[in-house]
Amino acid sequence: MKTKFALCLLMLCSTVAVAVGQTVSVNFNKSQSFSQFHTYAWGSDNANRVKDSILAQVAIQDIDTALQGKGLKKVAESEKPDLLVTASGGLKEQTSYTAMGMRGIGGGMGSITPEQNVIGTLIVDLYDAKGQSLVWRGIAQNALNNNGDKNQQLVQKAVTKMFSKWPKS
309 MKTKFALCLL
319 MLCSTVAVAV
329 GQTVSVNFNK
339 SQSFSQFHTY
349 AWGSDNANRV
359 KDSILAQVAI
369 QDIDTALQGK
379 GLKKVAESEK
389 PDLLVTASGG
399 LKEQTSYTAM
409 GMRGIGGGMG
419 SITPEQNVIG
429 TLIVDLYDAK
439 GQSLVWRGIA
449 QNALNNNGDK
459 NQQLVQKAVT
469 KMFSKWPKS
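Numbering (my numbering), first residue to last: 309 to 477.
Shown next as structure tokens:
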């Protein structure tokens, strides 16, 4: 009986973990002065870049908007920008379980239902172009679904959250 209860609790916790939603984290070089950065370009040497999908295009547009909102000007990589930007992304299938049960005469009954979820990850890196060192990284993860508009809103929200943690100059 205790084993069944523990299993049901474990399944419920894993379902809740998937349903909690978007996680966004940002890390940056705290000794770096960001006031010296005025221009940026998308780095062309990124083997793990987000692929050419509609969702990737939305992510790139949202990142451009966020960087320009921070006062940075987008230039070509050949114009020797202050920052190089890369965006990497990926999808991972994850199985979660929903457990339901009723206690009754003779022990009761229950069921466990598996559910497939797709977890999307977006990683945005900013490199000091002169020093070739990573100065800022934002990571966002969230469960995606079959609704393209909703997924685009999730990407926009993630990028907004990332850049709301931009270091003070």
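The beta-carbon is built from N, C-alpha and C at its ideal position, and this holds for glycine as well.
Here the structure is a predicted model, which is why all the values come from computation and not from measurement.
- THR347 is the residue among ILE427, THR347 and GLN402 whose C-alpha sits nearest the C-alpha of LYS382.
- The C-alpha of ALA407 is placed about 49 Å away from the C-alpha of ASP436.
- For LEU462, the enclosing alpha helix (DSSP H) covers residues 456-471.
- In the DSSP assignment, PHE336 forms a beta bridge with TRP444.
- Taking every protein chain shown into account, the CB of ALA384 has fewer than 16 other CB atoms within 10 angstroms, so this residue is exposed.
- For the pair of segments examined, the segment 334-347 was found to touch the segment 432-452: the number of CB pairs separated by less than 8 Å reaches three.
- Going by C-alpha positions, MET470 is about 27 Å away from SER386.
- Note on ILE368: 16 or more other CB atoms within 10 angstroms of its CB, so buried under the neighbour-count rule.
- Judged by DSSP in its simplified three-state form, VAL383 adopts coil rather than helix or strand.
- Per DSSP, GLN424 lies in no alpha helix (DSSP H) segment; the continuous beta strand (DSSP E) that holds it begins and ends at 417-436.
- Beyond the five residues adjoining it in sequence on each side, THR331 comes within less than 6 Å, by CB distance, of GLN449 in the same chain, given in chain order.
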